[in-house]
Amino acid sequence: FKPYPQQIEVMEFVSKCFKESKNALVESPTGTGKSLIIRAIMLEYLKSSNQNQQQQQQTSKLPDWLFQAAIKAEQNQIAVESSSVQKLRDTLKNIHYFPQNSVNFINQLCVMNNIDFVQQQQINDLLTYTYQPQHKQAIFSSRTHSQLQQFQKQIQLTSTALASRKVYCMHQSKQDIEDIDYFCKNNSCIYRKQEQLLVGLVKSFQSADFVQAAQKESACPYYVSLLRQNLSDVILMTHQQLDESFNQNAVLFVDEAHQLINVVKQKHEAEVSLAELDQFQLKLEQYLQKSTFLAENTFLSLSQILMQLQKLIKLTKYLQNQFVAASKADLAKLLAEFDLVIFIKAEIELFRRERFTHRIRQKLNEQVIYKALQFLELLCHEDVQSQFLLVGSHDQQSENQKNFRLKLVHLEPKMELKYKNVACFGGTLQKDSFTKHFTQKFEFLQVGHIIQKDQLKIKVIKELQGKEFVFNSQTQQNEQIYHDLALYVQNKRKTLPKEQNMLVFMPNYASIEKLKKSIQLENFTIEQPGTPLQKYEERCKLENHVMIGVAGGSLAEGIDFKDDLCRFLIIIGIPFPNIGDFYVKEMLKMDKDYLLHQAFIKVNQCIGRAVRWVGDWASVELIDSRFTQYWDYLSYWIKQIGQSK
Ligand code: SF4
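Numbering (the UniProt record's numbering), first residue to last: 1 to 645.
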């Protein structure tokens, strides 16, 4: 395999950044083999850092002491009739909690099996999660677990995909367990015995599928994954997991980096209704009244949360009749007036750590407590008086005053990626919009597509039915426009050979609903929010099919429309954010191009659906005369490759 010049350019760029201890940000379109590039850089980095250890057998990288301990542990599992082993087994029967009792367990295991002191320390560190990796590691992050699995299959390195207990739990009935973390921490489990975990850990390195290998040893894959992570070359995790602390000496590779911005935003916003705050307050009050057995500190912490909650309820009631939105100076004044500038982060952490949600909630939906806590926690953010927006809204469908809800949003959220070096890759990245969300600096590279110029044709359609076509909030109310669009889409479809499919993107669900009424197609699928991607994947394999979705929706992100699945792509209108939204108004004050930036992230993503690999080709039509005016906002590679007719 000979790499394309674009791939070499990226590899050299990232390697240079790493050598100079800099972070890299790479915009490289879909279909240019990003995952291959990441694997190559990762391998090269680990190889040079770990003195060619990758060329050895995978399992030989495991330290000898671990093998020795696992062999001993396995021997202990075989019923050997000796009084000392029996004594050990009796002791182990009582050890269910992990890792609190591990020191005890390890001491006994080592003494009884003549494992020396140094090895004893190492095993102890491993089982108490304080073991420091002895080699360089890489972390790979992507949006979903299935993307991680796909990457994991391709790398020739030892790797561990981190996932929740819900994913890895071995209990058949796990779907019925409401809170698996709570269940797991508060029940002894036959799959969490330390001998089994140790054996499962070593066996897991001898198999391509560590989950299956651990399960075979009756060792919980969740705990085995925690033990494995410091012994693996690569740790895989979703974007959501990135701000938890892992090996900070590792290098981080982020795929689908544009999605990471959404994660940063989600972690800096919270929404709760007055009814939800009231419900939480009631449960917490009742719990505190009857819980005389609580330790004094715990009681004080919960009381602090209750006090803060009561003040927040007061503020919400005050705001519900007249309130629209408050930002920066207004918000600082409001919070001071209601005495809400109090730091109770430690108390909230204790509440979560000790899992009070389950102790107090009784019949209350746990989501109510999660939401209220997230809101209270965000009120403790150091920027709350200077960078946040508070928006109030009434539930449209309800007369009930209690459905008044508050939304608290950080206007410029930032995340710190605490790793040695970071390399972020995405098909649609705008340097400034991306880097402003991270504390570290990035070197930026844009690369072109590996397809040839005649493989992507882009045309702006300025007129429909002989009249200039602009699809904005006014014209979207005009029913006739949907008849014209439906006719246009139907005629286009007729021009396609039978085996080819077509993809249409519109700016919002409301316009799709209107188009649906006018369209006369037997073979088309309309995107519905919440529909699993799998359903669409089945439909788009049908021939001569038209998929209609929202720019920025699930059809624009998760499905690989390669080859005949999409030979013709239409984008109707420019998907600007809603100008009436308070958040959008605030963002516009800080960035006058905010609307265009946001809209063209979606447009570029949609166009990226059409060409998925070096042999792919497609035609794209942008239906709205304003596309000519904003041509510069298209991605670098689209302008470079796309031939405008
Ligand atoms: S130890 Fe593993 S298998 Fe057992 S309850 Fe916890 S997650 Fe489930």
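A virtual CB, placed ideally from N, CA and C, is assigned to each residue, including glycine.
Nothing here was measured: the structure is a model prediction, and the numbers come from that model.
- Distance from the Cα of His410 is smallest, within the candidate group Gly392, Glu269, Leu282, for Glu269.
- Going by C-alpha positions, Asn365 is about 19 angstroms away from Leu406.
- Sorted by chain position, residues whose beta-carbon lies closer than 5 angstroms to a non-hydrogen atom of the ligand SF4 are Arg165, Cys169, Met170, Cys184, Cys189, Tyr191, Arg192, Cys220, Tyr222.
- Around the Cβ of Pro29, a 10 Å sphere holds 16 or more other Cβ atoms; the residue is buried.
- With a contact defined as Cβ atoms closer than 8 angstroms, Leu389 and Ser327 qualify at about 4 angstroms.
- Shown here, Ser511 sits in a helix according to DSSP, grouped into three states.
- A contact between stretches requires three or more CB pairs, one per stretch, nearer than 8 angstroms, and the region 564-573 meets this requirement with the region 618-635.
- If you draw a 10 Å sphere on the C-beta of Ser204, you find 16 or more other C-beta atoms in it, and that means buried.
- Here His483 has Ser518 as same chain residues with Cβ atoms under 7 angstroms from its own Cβ, once five neighbours each way along the sequence are excluded.
- If you ignore the 5 residues before and after Tyr168, its C-beta comes within less than 6 angstroms of the C-beta of Pro221, Tyr222, all in its own chain and listed in chain order.
- In this structure, Glu443 sits near Asn23, with a CB-CB distance shorter than 9 angstroms.
- By the CB criterion at 9 angstroms, Met506 and Ala551 fall inside the cutoff.
- In the DSSP assignment, the residues bridged to Gly426 are Glu27.
- Between Val254 and Cys17, the gap from beta carbon to beta carbon reaches 9 angstroms or more.
- Taken through DSSP and simplified to helix, strand or coil, Ser35 comes out as helix.
- Ile570 is bridged by DSSP to Val504, Glu621.
- The Cβ atoms of Asn249 and Lys492 lie no closer than 9 angstroms to each other.
- Ala138 is positioned such that its CB atom lies no closer than 9 angstroms to that of Ile37.
- DSSP places Glu463 within a strand segment (E or B) once states are collapsed to three.
- Three or more beta-carbon pairs drawn from the region 270-277 and the region 316-325 are found closer than 8 angstroms, and the two stretches are therefore classed as touching.
- Burial check for Phe293: the Cβ neighbour count within 10 Å stays below 16, so the residue is exposed.
- Val614 and Lys457 have their C-alpha atoms spaced approximately 15 angstroms apart.
- Within a 10 Å sphere around the beta-carbon of Ile548 sit 16 or more other beta-carbons, which makes this residue buried.
- Measuring C-alpha to C-alpha distances from Cys540 to each of Leu302, Glu416, Asp564, Ile601 identifies Asp564 as the nearest.
- For Glu217, no alpha helix (DSSP H) encloses it, and the DSSP letter there is neither H nor E.
- Looking from the CA of Leu260, the closest CA among Met415, Asn186, Phe210, Val224 belongs to Met415.
- For Leu236, the enclosing beta strand (DSSP E) begins and ends at 234-238.
- Assigned with DSSP and collapsed to three states, Lys22 falls in coil, not helix or strand.
- Scanning the region 153-204 for uninterrupted beta strand (DSSP E) segments of 3 residues or longer gives 159-161, listed from N- to C-terminal end.
- Residue Ala325 holds the alpha-carbon nearest to the alpha-carbon of Lys585 among Gln640, Ile305, Ala325.
- Shown here for Ile348: same chain residues with a beta carbon closer than 8 angstroms to its own, the five before and five after excluded, namely Ile305, Leu373, Leu376, Glu377, Cys380 in chain order.
- For Ser49 and His258, the gap between their C-alpha atoms comes out near 29 angstroms.
- Straight across, the Cα-Cα distance linking Gln446 with Pro133 is about 34 angstroms.
- The beta carbon of Asn604 sits closer than 7 angstroms to the beta carbons of Thr428, Leu634, Ser635, Ile638 from its chain, once the five residues preceding and following it are set aside; these are given in chain order.
- Across the structure, Gln240 and Leu252 are spaced so that their CA atoms are roughly 14 angstroms apart.
- In the structure shown, Arg405 adopts extended strand secondary structure according to DSSP, grouped into three states.
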